[in-house]
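Input: a single structure, listed below in structure tokens.
Protein chains: 4
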Amino acid sequence: MIIILKNNAKEKSIVKLEELLQAKHIKTNHIQGINQNIIGLIGDTSCIDMDNLYAQDCVESVKRVQEPYKNSNRKFHPDNTVISIGNTKIGDGSLQIIAGPCSVESEEQIITTAIACKQAGATMLRGGAFKPRTSPYSFQGLKDEGIKLLLKAKAETGLPIVTEIMSQSDIDLFTDVDVIQVGARNMQNFELLKSLGRCNKPILLKRGLANTLEELLMSAEYIMSEGNMNVILCERGIRTFETMTRNTFDVSAIPLLKEKSHLPICADPSHATGKTSLIESMSLAAIAAGTDALEIEVHNDPRSALSDGGQQLTPAMFSDIMEKIRGLCNYFGRKIG
Amino acid sequence: MIIILKNNAKEKSIVKLEELLQAKHIKTNHIQGINQNIIGLIGDTSCIDMDNLYAQDCVESVKRVQEPYKNSNRKFHPDNTVISIGNTKIGDGSLQIIAGPCSVESEEQIITTAIACKQAGATMLRGGAFKPRTSPYSFQGLKDEGIKLLLKAKAETGLPIVTEIMSQSDIDLFTDVDVIQVGARNMQNFELLKSLGRCNKPILLKRGLANTLEELLMSAEYIMSEGNMNVILCERGIRTFETMTRNTFDVSAIPLLKEKSHLPICADPSHATGKTSLIESMSLAAIAAGTDALEIEVHNDPRSALSDGGQQLTPAMFSDIMEKIRGLCNYFGRKIG
Amino acid sequence: MIIILKNNAKEKSIVKLEELLQAKHIKTNHIQGINQNIIGLIGDTSCIDMDNLYAQDCVESVKRVQEPYKNSNRKFHPDNTVISIGNTKIGDGSLQIIAGPCSVESEEQIITTAIACKQAGATMLRGGAFKPRTSPYSFQGLKDEGIKLLLKAKAETGLPIVTEIMSQSDIDLFTDVDVIQVGARNMQNFELLKSLGRCNKPILLKRGLANTLEELLMSAEYIMSEGNMNVILCERGIRTFETMTRNTFDVSAIPLLKEKSHLPICADPSHATGKTSLIESMSLAAIAAGTDALEIEVHNDPRSALSDGGQQLTPAMFSDIMEKIRGLCNYFGRKIG
Amino acid sequence: MIIILKNNAKEKSIVKLEELLQAKHIKTNHIQGINQNIIGLIGDTSCIDMDNLYAQDCVESVKRVQEPYKNSNRKFHPDNTVISIGNTKIGDGSLQIIAGPCSVESEEQIITTAIACKQAGATMLRGGAFKPRTSPYSFQGLKDEGIKLLLKAKAETGLPIVTEIMSQSDIDLFTDVDVIQVGARNMQNFELLKSLGRCNKPILLKRGLANTLEELLMSAEYIMSEGNMNVILCERGIRTFETMTRNTFDVSAIPLLKEKSHLPICADPSHATGKTSLIESMSLAAIAAGTDALEIEVHNDPRSALSDGGQQLTPAMFSDIMEKIRGLCNYFGRKIG
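Protein chains in written order, with this note's numbering: chain E, 10 to 346; chain Z, 10 to 346; chain X, 10 to 346; chain U, 10 to 346.
In structure tokens form, the structure reads like this:
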């Protein structure tokens, strides 16, 4: 960490700052510049709150040198984390395809869709039981009933299931779920993250609409610092000024997260774009960029879907896209599942 | 709601769409354009999910005409909502000043700060007991102990207290709190909002970092649709590309929210800018823009604060700013408290 | 175009609006809703300025139905535009690789780099002669001397050259240039666009940092409406809140622009990310997404470059990446050049 | 400037970096951290291009300590710059009101509007002769004819005139103009800025839609480094995800620019919000925040305006707002004009 001093900083104030740092076992190193004096901090600065340093009279600004995340940092764990889910593994070089409807709506809907997804080549089943909707007047999900239906679909197809949690008070309902998803709107619901850190299930953590990659890694840190190291990071689009797509799919997040972290990465082109016509090209782009998994919305009858109808593929469309995905995976020497 | 049809829309598909709409008691009106055909929807379209319409083969795009929020909409409730908090009222033309530290840190800290805030003219006391921090390694708040200390400070000064909730499982700890705050990161924690809708306390709802004003009003709708009509909307800065301020303070949100909604508005220049040097000017700007309340961070000793040191005012600075605020309120014929 | 009327709109004001529209040969169609009345406009609304309609007393809001771009719109020109540049073609299914340094710095530098680029498989040479730099104290380019050096490099290698124009008063210097580039900062320099519309050279039009795809198409329209139909659209990253990359590479812009327009598309992973470590993965992602061309910065000695050193590849790195690009192109059945 | 070295940086590469810096007369100071080594740079680093340092093998990242702007920096020029325009001054504590139509449309329109603006209390007249429009099919301005009409309106009212330039080739047409405006879309049209730096007229420089305050100051630097020190900085809203306003008015930019720079500041609530209903509150907010000038769009008949009809005030509305502005100025002890 580097502290840039104000030009008119008083000696007394600098001494006070030094004492405060020494109390935290941080050594300092002064650099006398021509227009600006700076102090370099030596030691473990992860215990220092940057914002607080700004309260010292003599401080003009503070710059971080070390990354604030530890458990998820590739610097300290060079090897890829590989997470086992049922018989499959994520992060081992394979590609996992998580497919299924936005919401679980009925037994017939989820089982029909699950069978179709499996036939087309999906390796896991997604489906929302608890639905975070902007409007309280929209369909809110079947809740515990939805989880039961997912488990029936799992029994039917053998596909591990991925479903979203919205509140830590529901955690007991997720006992038989294979992967618990944290949605974009809850990426910084820190109490929920801590609870999930104390369970031993893989967590699919989605990037918030306006969250930086560093913040995503810090949210992973919340889960990992409680003991659960099985975190999958998911890029699902960020909010920008562009209005033609629902969000802007930050494909570069995939290789960047791989550079900075050892955790496996998932990409969600359905939410990132909100447009079925873009799912194929964005799925292929994400694979070319190195993603470990894709999460794609598929519905047996999107026209009668209770949510997100416009971004869900029909089984036929999904099957066509899977063909393209399979071809590209072969080319890259990667297997699906 | 308006549906724009694809140029090559098939008659069969349009008929299907019509049937679907009729089943929801929506009448339709066709407009034959030169390049484009559209359908106008007549009836209560708040039950229709726009996204789902995109799943119909014949639909190119959908535009909303009616606002999706009802309870918070000024169209249906022209008069300002006035909320009573202790002996004061918010929304009645007065200005409320909510001041206090970012975090409650100790009995001495909160009581000293509360007394100083009251002396300077604050009308309510804020202080974080549960703290949403980006890093799990930062101070997380004193939790229930923090709320007890706030209540002591209230007993000492008579100031009503405002403090943030992070999880619906903590709701019983907030029984004696005067105003429950929902932080920006939880603005779309819908389960929390629903719980708060079932309690009868005023809720201070902060706008999320990347949330539109319409989404803020929809989150208010979550609380109101459960029966709690006492919602205060708070502008606290949005995330943009600018890096000189922590966030960008959207001052125009104040008059716009007043135009669209009857709910009282609060502005938080401390979080919006993250810079003590901007609090004075941004407080005055918010008053000039018509805010009903200001939330300002004050700490008895910011240099030793455990969080957000750089944006908290000293009591002396706050007292100076209050002088300016008082003057401007007098000018506008508004009273404080 | 759809006009939503205010609830309290006066008959007189609506009549006035109707007259104004009739004067522009627009027919109207009224839809009486339950909470809202709307007017549908029938006719060529491209001559109507949406903003101006807001000035009418009775208008609450205006929604566009038709796209405002014509010449670049795929609806009216279903076939891909194919542009000839020297012996190569862009937009015909092939992949063009435009490589070269950020700035032309010296004869030795540009010729060495051009030869290396050609050997690695580039099909065109880029190089900045006029450089738009944030700071007036940074290197501003060799200007006309730079163009001369580019022409020498073309003579040496046979590669067509692409270089940026910053002012319409320089247009005569570009007589022998093969493709004139308009930089992101000049995307809405409308006077420059009009001048380029009156020359008969291919124009590589870069998307502005904060411009929507619709605005990019409207800027193409400026060029095309003056007669020059040879426009290549270039995605080069947009400005968001993320700070780990210089910009956010909007890969979905590639298939979306292809959907909306018949013009060829180029992608620039160098500027989009600002990081050499991401060029390979983002180049492959752009190909998977269907780009017609890639623009990549290569410098014979990036460590001594006068601009953008951190995002320019060495010839060896470029050669490695070209191997991967060639492989992926083969897989997709596309040829380079 | 601070350079953070890679963990695996080779001695040889560090030596090379040192040599490169010494060649630019920069001294270095090494700080050995526990996890990271850094180099502090001592000397005038404004000649160093940060991006280029990234090309050195041993460099992980670079952080700037000194601000890159000099002429506009308050550190080196503590006193406010005061600019004379006709008989008035901007930056001396007074408030200037620049009012007038978006576009000059006819002699009658501009003269009627100018007289009305003057009567209401405006101190300068604005009006667009060259209009930057997103669409080539929209009204593009009366050009040189428009400037002539503005000069007639000046002769009639005595108000100094402010009008926008779009191309340096038009500069001779601006000889009698009092203040030349650079629009948001041209903020980084560096060739235009340099030309304006060589004329001796006050320049009103508008912040680009996606430009940081530092970039705005760097664009001022382009003008000032050529010799013209009379630059007025203008905040006119930035582009964000919010759609209820045309742009987001960054009111905090006013005090921040005053902190960082000695140049006078103008605020443009008309373009910042795009809504007449917000002009009054945002004008008052800007004054409370310390602006030196306001630019407000007024049209004698907005309903028949050729551009931006929806954000232009009628003379009556403007007159009402001026009453409020006058009151607030009195309160702050500032005079208008």
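Just so it is clear, CB atoms sit at the ideal spot from N, CA and C, and this is done for glycine as well. The model shown is predicted, which means the values in this text are computed figures rather than measured ones.
query                                                                                                                                                                      : result
Would the region 219-236 of chain X count as touching the region 201-212 of chain E if we require 3 or more Cβ pairs under 8 Å?                                            : no
Do I12(U) and V71(U) have their CB atoms nearer than 7 Å?                                                                                                                  : yes
For A229(X), collect the residues of the same chain with a Cβ closer than 8 Å to its Cβ; drop the 5 residues on either side in sequence, then sort them by chain order.    : Y78, N80, S81, L214, V240, L242, S270, L272
Could you pull out every residue in the same chain whose Cβ sits closer than 6 Å to the Cβ of D317(U), ignoring the five residues on either side in sequence?              : C111
Can you check the region 106-135 of chain X for any alpha helix (DSSP H) of at least 4 residues that lies completely inside it and give the ranges in chain order?         : 116-129
Excluding the five sequence neighbours on either side, which residues of its own chain have a C-beta within less than 6 Å of the C-beta of G319(X), listed in chain order? : none
Does the beta carbon of Q75(U) come closer than 7 Å to any beta carbon on chain E?                                                                                         : yes
Taking Cβ-Cβ distances shorter than 8 Å, what residues in chain X pair up with P264(E)?                                                                                    : S286, L287, S290, M291
Report the three-state DSSP secondary structure of E173(X) (helix, strand or coil).                                                                                        : strand
Runs of 4 residues minimum, wholly inside the region 193-235 of chain X: which ones carry the alpha helix (DSSP H) assignment?                                             : 199-206, 222-233
In angstroms, rounded to a whole number, what distance separates the CA positions of Y63(U) and G136(E)?                                                                   : 44 Å
Hey, quick one: how far does the alpha helix (DSSP H) through I334(E) stretch, first residue to last?                                                                      : 324-340
Quick one: using the 10 Å Cβ neighbour count with 16 as the cut-off for buried, is C275(U) buried or exposed?                                                              : buried
Please report the residue range of the beta strand (DSSP E) in which N46(U) lies.                                                                                          : 46-51
Are the beta-carbon atoms belonging to I296(E) and L265(E) less than 7 Å from one another?                                                                                 : no
So who's on the other strand from S93(U), going by DSSP bridges?                                                                                                           : K98(U)
Which value, in whole angstroms, describes the spacing of the CA atoms of T184(E) and E289(X)?                                                                             : 41 Å
Quick check: what's the CA-CA separation for T300(E) versus S147(U)?                                                                                                       : 45 Å
Which chain U residues sit within Cβ distance under 9 Å of E200(X)?                                                                                                        : F139, P141, M175, S176, S178, D179
So for G246(E), helix, strand or coil by DSSP?                                                                                                                             : coil
Roughly how many angstroms lie between the CA atoms of N61(Z) and F85(Z), to the nearest whole one?                                                                        : 27 Å
Ends of the beta strand (DSSP E) at K72(Z)?                                                                                                                                : 68-72
Go through the region 280-324 of chain X residue by residue and report every complete run of the beta strand (DSSP E) that reaches 3 residues or more, in order.           : 302-306
Below 8 Å CB to CB, which residues in the same chain sit around N237(E) once its five sequence neighbours on both sides are set aside?                                     : L205, G206, R207, C208, N209, K210, I212
What would DSSP say about Q149(U), mapped onto helix, strand or coil?                                                                                                      : coil
Taking the C-alpha atoms as reference points, what is the distance between L303(U) and I107(U)?                                                                            : 6 Å
Which residues does DSSP list as the beta-bridge partners of Q41(X)?                                                                                                       : N46(X)
Are the C-beta atoms of L222(U) and some chain Z residue less than 7 Å apart?                                                                                              : yes
Have a look at K19(U) and C67(U) and give me their C-alpha separation to the nearest angstrom.                                                                             : 7 Å
Run down chain Z in chain order and give the residues with a C-beta less than 7 Å from the C-beta of T249(X).                                                              : F250
Run through chain X and tell me which residues come within less than 8 Å of G236(U), C-beta to C-beta.                                                                     : The premise fails here: G236(U) is roughly 12 Å from chain X at the closest Cβ pair, so nothing lies under 8 Å.
Any idea what DSSP makes of G137(X), helix, strand or coil?                                                                                                                : strand
Just how far apart, CA to CA, sit K98(Z) and L322(E)?                                                                                                                      : 52 Å
What residues in its chain sit with their C-beta under 7 Å from that of Y231(Z), if we drop five residues either side in the sequence?                                     : F199, L202, K203, G206
Can you have a look at T166(X) and say buried or exposed, based on whether 16 or more other CB atoms are within 10 angstroms of its CB?                                    : buried
By the three-class DSSP mapping on this structure, what secondary structure does K161(Z) have?                                                                             : helix
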